[in-house]
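First the structure, in the form of structure tokens, and then the observations on it.
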Amino acid sequence: MEERVYNFSAGPSQMPVEVLKKAQEQLLCYPGAGCSVMEMSHRTPAFEQILHNTKDTLRRIMSIPQDYEILFLQGGATTQFSMTAMNLAHQGETMAYAVTGQFAGKARDEGARWGNAVAVSSSKEAAFSFIPAVEKLPENAKFLHITGNNTIFGTCYNDLRSKLPTEVLPGTNGEKSLVPLVADWSSAILGRWIDVPDYALIYAGAQKNMGPAGLAVVILRKDLLEREIDPVVPVMLRYKVAADNDSMYNTPPTFSIYMAGLMYEWVEKMGGVKALEAVNREKSGALYDFIDNSVLFRNPVAKEDRSIMNVTFTLPTAQDTADFLALAKQKGMINLKGHRVVGGCRASLYNGMPMEGVQLLIDTMKQFEKEKRGI
Ligand SMILES: *Cc1c(COP(=O)(O)O)cnc(C)c1O
């Protein structure tokens, strides 16, 4: 086998070797089934058990209350940009969007195809380097959509309550919020604790912290399923249809669901989401500390809004950036290049990235800085 490298990609991202090995072991023959999960009918007890175990494990590791439904859907997180609007608002109605980055903007664009998608906050003028507070919602907003962790810019809603108006949050005795809060947590789900009852709906693409691309997980309050849906909404884009059919209205992405299940079991075995969050804080903390004390590397994000999953950093010139990326590659670290819209570098430190990978990155940055200063 060729040697594995440290993959700092924002997604699809590095998965724990242990999880890949388990999948490899069971690839030809899933225990008791006589075939691969890929070859299994989704209508068999064996697959139904995989699906239900996967769902139950996610419910445990995120402490998802029973009045929330869990759905496994296709089309990645991007399809949720449309589904959230089509299921929570009627055509032409008003929806509020916090525009804190590229994906947040795309979510709003999809909302605008459906209704009156109002940007209630934006940090675009500041190159999305911080999370602006939402002061006020438009009248009759059917929901507020936020992007919990901004994968490209490395920002995060670290403290929901300091950034959002009270009407989108549950009451102090757990009463439902006046306006549903919808959050895209694609790049931080399972990497940091998310209090599910704070939200009406959470969604996430799987390829950052939960397995292979294409799958999206949606966690939503069951009362939202009872809303009347406009007739034009296609059957595959209705949460109610997915919920009534146990996420199997059509053939679900069976192998991706199985892989997500292996990831959830791994999270549980590692001590759960809070234990992994502590590790992720250590990993990102070490990297931010180095950057803050460096004369060469810089991070542009407001400290209180920094993401523990995606750490962005810049070097003085494009040539420095290219040289650094080449050195990193030589040392077995790939995908450190920043997103094409921002440039610079980005290290994504999801659950699958071990501390040793982050330490190697920091050591390499140190070496690079020393050599540059020696010139
Ligand atoms: C990656 C990402 C998406 C897009 O996910 P797809 O599965 O490619 O549709 C959306 N939102 C956020 C925050 C992301 O990180």
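Residues in the sequence shown are numbered from 242 upward in steps of one, following our numbering. Glycine included, C-beta positions come from ideal geometry on N, C-alpha and C. If you're wondering where the values come from, they're calculated on a predicted model, not measured in any experiment.
Residue 224: which of 562, 362 and 517 sits nearest, CA to CA? What the structure shows of the chain is the stretch from 242 to 616, and residue 224 is not part of that stretch, so it cannot be assessed.
Restricting to runs no shorter than 4 residues, where is the alpha helix (DSSP H) found entirely within the stretch 505 to 554? 514 to 533
**Asked** So is residue 349 buried or exposed if we call it buried at 16+ other beta carbons inside 10 Å?
**Response** The residue in question, residue 349, is buried, as its Cβ has 16 or more Cβ neighbours within 10 Å.
Note to self: Run through the DSSP bridge pairs and tell me what residue 586 is partnered with.
What the structure shows: Beta-bridge analysis with DSSP links residue 586 to 554 and 578.
Roughly how many angstroms lie between the CA atoms of residue 382 and residue 598, to the nearest whole one?
44 Å
Review point. Across which residues does DSSP place residue 336 in a beta bridge pair?
Key: According to DSSP, residue 336 bridges with 358.
With DSSP run on the structure shown, which of helix, strand or coil describes residue 461? strand
My assumption, with CB atoms under 8 Å, is that residue 325 sits in contact with residue 476. Please give the rounded CB distance. Contact doesn't hold; Cβ gap of about 17 Å is too wide.
Short Cβ contact (8 Å threshold) for residue 217 with residue 328: As displayed, the chain neither begins before 242 nor continues past 616, which places residue 217 out of reach and without an answer.
**N- and C-terminal bounds of the alpha helix (DSSP H) containing residue 271** = Neither: residue 271 is in no alpha helix (DSSP H) and is coded neither H nor E.
Notebook entry, point to check: What did DSSP end up calling residue 473 once you bin it into helix, strand or coil?
Noted result: coil
| How would you call residue 304, buried or exposed, if buried means at least 16 neighbouring beta carbons within 10 angstroms? | exposed
C-alpha gap between residue 408 and residue 418, whole angstroms: 6 Å
With a threshold of 8 Å, are at least 3 pairs of Cβ atoms found where one atom belongs to the stretch 288 to 297 and the other to the stretch 486 to 505? Cβ pair count under 8 Å is three or more, so yes.
Would you kindly check if the distance between the Cβ of residue 589 and the Cβ of residue 254 is under 8 Å? Cβ atoms of residue 254 and residue 589: closer than 8 Å.
- Item | For residue 283, three-class secondary structure by DSSP | coil
*asked:* With the cut-off set at 8 Å, would you say residue 441 and residue 421 are in Cβ contact?
replied: yes
Q. For ligand 1, is there a heavy atom less than 7 Å away from the beta-carbon of residue 570?
A. no
Exercise. How far does the beta strand (DSSP E) with residue 425 in it reach, from first residue to last?
Worked result: 422 to 425
| message | For residue 386, list the residues DSSP reports as bridge partners. | response | 338 and 423
My output table needs one value for residue 315: the three-state DSSP class, helix, strand or coil.
strand
- Query: Where DSSP assigns a beta bridge to residue 433, which residues make up the other side?
  - Reply: DSSP, once it has assigned bridges, lists 430 as partnering residue 433.
| message | For the pair the stretch 539 to 548 and the stretch 396 to 407, tell me if three or more CB-CB distances fall below 8 Å. | response | Counting Cβ pairs under 8 Å, three or more are found: they touch.
For residue 247, write down the residues that DSSP places opposite it in a beta bridge.
Residue pairing by DSSP places residue 247 opposite 574 in a beta bridge.
Check your understanding: residue 316 CB to nearest chain C CB: under 8 Å?
Key -> No chain C is present in this structure, which holds just one protein chain.
Next item on the list: Mind reading off the beta-carbon distance from residue 390 to residue 339? Whole number of angstroms is fine, and I expect it under 8 Å.
Entry: With 8 Å as the limit, residue 390 and residue 339 do not qualify as a contact, their Cβ atoms being about 13 Å apart.
Tell me, please, whether the stretch 526 to 533 touches the stretch 500 to 517 by the rule of three or more beta-carbon pairs shorter than 8 Å. no
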